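A.B. asks: Residues in the sequence shown are numbered from 1 upward in steps of one, following my numbering. Beta carbons are placed, not taken as given, at the ideal position from N, Cα and C, and that holds for glycine. Treat the numbers as computed from the prediction; the structure is a model and nothing was measured. Handing you this structure, nothing more for now.
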Amino acid sequence: MFALGAGAASAQLFADAAVSGSSVFAGRCAVCHGPEAAGIPGSFPSLHEQIVTFAKTPQGRDYLVMVVTTGLMGELKVAGSTYRGVMPAQSGLSEAEVAAVLNYLASDRGKEPATPELTAADVAAARARHPERSAQSTYALRPAPSEQ
């Protein structure tokens, strides 16, 4: 016999696990950032080191969630290159899909375990902590180099 709470938790874990981060990436992100997330020099930044680094801190995790959710606008310096573009919001993604794609990228595309792993509940909590949803407000959340 299962307790109600355990069944609900198991159902949520199963729903989260059923979402493929690699599929979300291929369908939403790879067109700009490339199939290996290496970016396109001068146009779209690589997602390798920055996502792995940001995913290790609470501030960085919130930033990543909000980038996917609201998009991003502003000048970025990544791996010695400067980018001045706009990333569109991926607002059609569910919380489980946001968690899955960020875990996929934070794990270096499935090569290493994402630590700590994001859940749909973590995504919902990050969204709740940052109710102003704009690309500009998300830019202000970007951790400084010393916080990375």
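In the segment 28-107, which residue ranges form an unbroken alpha helix (DSSP H) of at least 4 residues, counting only runs that do not cross its ends?
C.D. replies: Listed in chain order, the complete alpha helix (DSSP H) runs (minimum 4 residues) inside the segment 28-107 are 30-33, 48-54, 58-70, 95-106.
A.B. asks: Could you tell me which of V123, A140, F25, A79 sits nearest to T150, measuring between CA atoms?
C.D. replies: The structure shown does not extend to residue 150, since the chain is modelled only from 1 to 148, so the question has no answer here.
A.B. asks: Go ahead and pull the three-state DSSP assignment for A124.
C.D. replies: Three-state result, A124: helix.
A.B. asks: Along the chain, where does the alpha helix (DSSP H) that runs through V24 open and close?
C.D. replies: Per DSSP, V24 belongs to the alpha helix (DSSP H) from 21-24.
A.B. asks: To the nearest angstrom, how far is the alpha carbon of I51 from that of V19?
C.D. replies: If you take the alpha carbons of I51 and V19, they lie about 19 angstroms apart.
A.B. asks: Can you name, in chain order, every residue of its own chain whose Cβ lies under 8 angstroms from the Cβ of E132, other than the five neighbours on each side?
C.D. replies: So the list is empty, once near-sequence residues are dropped.
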